[in-house]
Amino acid sequence: MALTYNDAIEKYEPTLGLEVHVELNTHSKMFCGCATVFGAEPNTQTCPVCLGLPGSLPAVNGKAIESTILIGLALNCSIAPFSRFARKNYFYPDMPKNFQTSQFDEPICVNGYLDVEIDTDEGLKAFRVEIERVHMEEDTGKSLHVGGATGRIHGAEYSLLDYNRAGIPLVEIVTKIIPGTGKYAPAVARAYVTELRDILRSLGVSDVKMEQGSLRCDANVSLAEIGSGKLGTRSETKNVNSLRSVERAVSGEMVRQANRLEKGERIVQETRHFLEESGVTRPGRSKEQAEDYRYFPEPDLVPVTPDAEWIEALRATLPEKPSLRRKRLQAEWNVPDKEMTSMVNAELLDTVEETVLLGSDPTKARSWWLGEISRLANEKEVAATSLITPAQVAEVISLIASGDLTDKLARQVVEGVISGEGTPAQVIEKRGLKVVSDDSALMVAIEAAIAAQPDTAERIRGGNIPAAGALIGAVMKATGGQADAAKVRELLLKHLGQS
Amino acid sequence: MTAISRDEVAHLARLARIEMTDSELDHLASEMDVILGAVARVQEVAGQDVPPTSHPLALANVFRDDVVIPSLTPEEALSGAPAKADQRFKVPQILGDAE
Ligand SMILES: [Zn+2]
Chain A
3 MALTYNDAIE
13 KYEPTLGLEV
23 HVELNTHSKM
33 FCGCATVFGA
43 EPNTQTCPVC
53 LGLPGSLPAV
63 NGKAIESTIL
73 IGLALNCSIA
83 PFSRFARKNY
93 FYPDMPKNFQ
103 TSQFDEPICV
113 NGYLDVEIDT
123 DEGLKAFRVE
133 IERVHMEEDT
143 GKSLHVGGAT
153 GRIHGAEYSL
163 LDYNRAGIPL
173 VEIVTKIIPG
183 TGKYAPAVAR
193 AYVTELRDIL
203 RSLGVSDVKM
213 EQGSLRCDAN
223 VSLAEIGSGK
233 LGTRSETKNV
243 NSLRSVERAV
253 SGEMVRQANR
263 LEKGERIVQE
273 TRHFLEESGV
283 TRPGRSKEQA
293 EDYRYFPEPD
303 LVPVTPDAEW
313 IEALRATLPE
323 KPSLRRKRLQ
333 AEWNVPDKEM
343 TSMVNAELLD
353 TVEETVLLGS
363 DPTKARSWWL
373 GEISRLANEK
383 EVAATSLITP
393 AQVAEVISLI
403 ASGDLTDKLA
413 RQVVEGVISG
423 EGTPAQVIEK
433 RGLKVVSDDS
443 ALMVAIEAAI
453 AAQPDTAERI
463 RGGNIPAAGA
473 LIGAVMKATG
483 GQADAAKVRE
493 LLLKHLGQS
Chain B
226 MTAISRDEVA
236 HLARLARIEM
246 TDSELDHLAS
256 EMDVILGAVA
266 RVQEVAGQDV
276 PPTSHPLALA
286 NVFRDDVVIP
296 SLTPEEALSG
306 APAKADQRFK
316 VPQILGDAE
């Protein structure tokens, strides 16, 4: 019988290693001035340098080096006083030069760490992920395999190459092996990539859009029997393109490897591909023949030797760490742990903060975004932030605070904005959603209610205050729910001599 | 002892996707051995005070501003391609797996 995930972790201890590739958001490419716009028409962003034409010479984009140093500093790395580019030689048409300009034994940043927290049944658990290196390289072109049914290489008749992406600055962030995560390995992998993405976003060095490939993760997984003190053979699952997939790819590999080991089969050191639909990996290239990229220092480029002054100037610009920012906002807004986790998982922290910065009460801002708006977003299967802006939500919240809207009316306003009826003010105008706060208008409704239920009015005059509920209800109904119930109550009781 | 074996030359030829006959391998193995021997002699001359270098000029930190300059038109970019389709370079079926 096949082992399940729970069976696998009973017997085996996983060891992780994660490699994240992030495309920097520089305007121009790494070694030439070509633009880096995502989704441009094929081969409109190329030149002799990024096409690898003979005689062309690369020139390093200084902004890309700065971004890489910033990433290293944010990940607590040492910045190497001397680093060099190297040629990684291989033949594959996605790299027109027949080598990728990368870094080998002299990366820009080394020896850092990133602390991550995961939410478990036993509460929050912290793990330190050690970073081996952060190095610079360039992205490759995009291949389109034509012919064959699947768009995959196998069965393709030919391939078409678009080199717009070739030469876009790419930073590779490699962890040391991550031991001791046990059953939490998939969650730790996900938390690491999430935290890394948040850091990269806070640094403003990349778009970090996994779905567009500007952040990609390769997950190395190996298993060994618990207590054996050994390290198993690892597989490397390439290009996992969503946070959820990182978690699924790791747990999927753990189960696959446990089942092989259980049957006495050997784990092959190989590259595997994650299949989004099924959550399993399929085998790719075997790495059993040692890779031989014949790295050598790039003779067309000079070394990078950042001095302390430059490094410290960059360090001074580091923004607040996302993990510290979360803790600070949680304290400032007085948010319970569970709600904080939901807000972070829903990726609404920035949005709620923006709403709060526009003057809204934090609890109200949070409850609108995570409540009504998220509910409507789920219904429509879109992101909450695509439906309505923080400014519009802040406007609605301020109209409630000023008594111009009741909660019920506010929900209608939000619904109107989301259905494209315009700004909150326009929706209020079009739908006539103002709270009836005009005393004389309310008094007309109150008198009508008293006339309709004279017995009830008599009981209230006699001191039976709870009986007021029926009349308040009648007034609310008559005003289409647009009156402020507290105000109605106050006017009614006063009118009947009870205050 | 030779600095490079015939097998190593064959390995390099394979990595470089260069097809070589047996006689070419024999010839190149001995020729490269002579070249490596010469390089080894140069290395003997370089003392502790001469650091290995990858660039003839003693320069570091030469950077370009992050400024976009016009690219080639797709027609220009593809003008030297042996085959093209859909504004892309067309290459024969690729064996093996993508990087
Ligand atoms: Zn270019």
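Residue numbers (the working numbering), protein chains in the order written: chain A, 3 to 501; chain B, 226 to 324. Cβ coordinates follow ideal geometry from the N, Cα and C atoms, glycine included. Given the structure is predicted, the values throughout are model-derived calculations rather than measurements.
First and last residue of the beta strand (DSSP E) that includes residue i?
| i | result |
| --- | --- |
| A/Ala128 | 125-140 |
| A/Val1 | There is simply no residue 1 of chain A to check, as chain A begins at 3 and stops at 501 in what is shown. |
| A/Ile120 | 111-122 |
| A/Ala103 | Looking at the sequence itself, residue 103 of chain A is Thr, so the reference to Ala does not match. First-last of the beta strand (DSSP E) with A/Thr103: 101-104. |
| A/Asn91 | 88-91 |
Is it the case that the CB of residue i approaches a heavy atom of ligand 1 more closely than 7 Å?
| i | result |
| --- | --- |
| A/Val419 | no |
| A/Thr38 | no |
| A/Thr48 | yes |
| A/Ser362 | no |
| A/Lys31 | yes |
| B/Ser304 | no |
| B/Ser296 | yes |
| B/Val293 | no |
| A/Gly169 | yes |
| A/Val257 | no |
| A/Val62 | no |
| A/Cys79 | no |
| A/Cys219 | no |
| A/Cys111 | no |
| A/Val210 | no |
Please check if any C-beta of chain B sits within less than 8 Å of the C-beta of residue i.
| i | result |
| --- | --- |
| A/Ser506 | With chain A covering 3 to 501 only, the question about residue 506 of chain A has no answer from this structure. |
| A/Lys329 | no |
| A/Thr387 | no |
| A/Phe101 | no |
| A/Asp141 | no |
| A/Gly206 | no |
| A/Gly64 | yes |
| A/Asp294 | yes |
| A/Pro109 | no |
| A/Glu238 | no |
| A/Glu25 | no |
| A/Gly35 | yes |
| A/Val306 | yes |
| A/Ser161 | yes |
| A/Pro44 | yes |
| A/Glu300 | yes |
State the start and end residues of the unbroken alpha helix (DSSP H) segment that holds residue i.
| i | result |
| --- | --- |
| B/Asp251 | 247-270 |
| A/His497 | 487-497 |
| A/Ser30 | Taken as a continuous stretch (DSSP letters only), A/Ser30 belongs to no alpha helix (DSSP H), as it is neither H nor E. |
| A/Gln332 | 324-335 |
| A/Ala10 | 7-13 |
| B/His236 | 231-240 |
| A/Pro468 | Note, A/Pro468: premise wrong, no alpha helix (DSSP H); not H, not E. |
| A/Val419 | 409-420 |
| A/Ala393 | 392-403 |
| A/Ser369 | 364-370 |
So is residue i in contact with chain A if we call contact Cβ pairs under 8 Å?
| i | result |
| --- | --- |
| B/Ile319 | yes |
| B/Val326 | Beyond the ends of chain B as shown, which are 226 and 324, falls residue 326 of chain B; an answer cannot be given. |
| B/Glu275 | Residue 275 of chain B is actually Val in this sequence, not Glu. Chain A, which has no Cβ nearer than 8 Å to the Cβ of B/Val275, makes this no. |
| B/Pro307 | no |
| B/Arg231 | no |
| B/Leu253 | no |
| B/Glu324 | Only weak support exists for where B/Glu324 lies, its pLDDT of 39 falling under 50; the value from the coordinates is given anyway. Yes, its Cβ sits closer than 8 Å to a Cβ of chain A. |
| B/Ser304 | no |
| B/Val267 | no |
| B/Leu240 | yes |
| B/Ser279 | yes |
| B/Leu284 | yes |
| B/Val228 | The question names Val, yet the displayed sequence has Ala at residue 228 of chain B. No, no contact with chain A. |
| B/Val264 | no |
| B/Phe314 | yes |
Quick test of the definition: if touching needs 3 or more C-beta pairs under 8 Å, does the stretch 227-235 of chain A touch the stretch 82-99 of chain A? Below 8 Å, too few C-beta pairs join the stretch 227-235 of chain A and the stretch 82-99 of chain A to call them touching: fewer than three.
contact_flag[the stretch 475-485 of chain A, the stretch 243-258 of chain B] where n(CB pairs < 8 Å) is 3 or more: With a cut-off of 8 Å on Cβ pairs, the stretch 475-485 of chain A is not in contact with the stretch 243-258 of chain B, counting fewer than three such pairs.
Assess, as a yes-or-no matter, whether the stretch 44-61 of chain A is touched by the stretch 211-226 of chain A under the definition of 3 or more beta carbon pairs within less than 8 Å. Flag = no, the stretch 211-226 of chain A and the stretch 44-61 of chain A do not touch.
Should the stretch 325-335 of chain A be called in touch with the stretch 76-84 of chain A, which here means at least 3 C-beta pairs below 8 Å? In short, these stretches do not touch, since the Cβ pair count stays below three.
Would you check if the stretch 191-207 of chain A and the stretch 22-40 of chain A touch, i.e. whether three or more CB-CB distances between them fall below 8 Å? Output reads yes: the stretch 191-207 of chain A touches the stretch 22-40 of chain A.
Does the count of Cβ pairs from the stretch 290-297 of chain B and the stretch 101-111 of chain A closer than 8 Å reach three? No, the stretch 290-297 of chain B does not touch the stretch 101-111 of chain A.
Indicate whether the contact test is met: 3 or more Cβ pairs, each with one atom in the stretch 165-179 of chain A and one in the stretch 29-43 of chain A, closer than 8 Å. Segments in contact, yes.
The stretch 390-402 of chain A contacting the stretch 352-360 of chain A, beta-carbon criterion three pairs below 8 Å: Yes, since at least three Cβ pairs between the stretch 390-402 of chain A and the stretch 352-360 of chain A fall closer than 8 Å, the two stretches touch.
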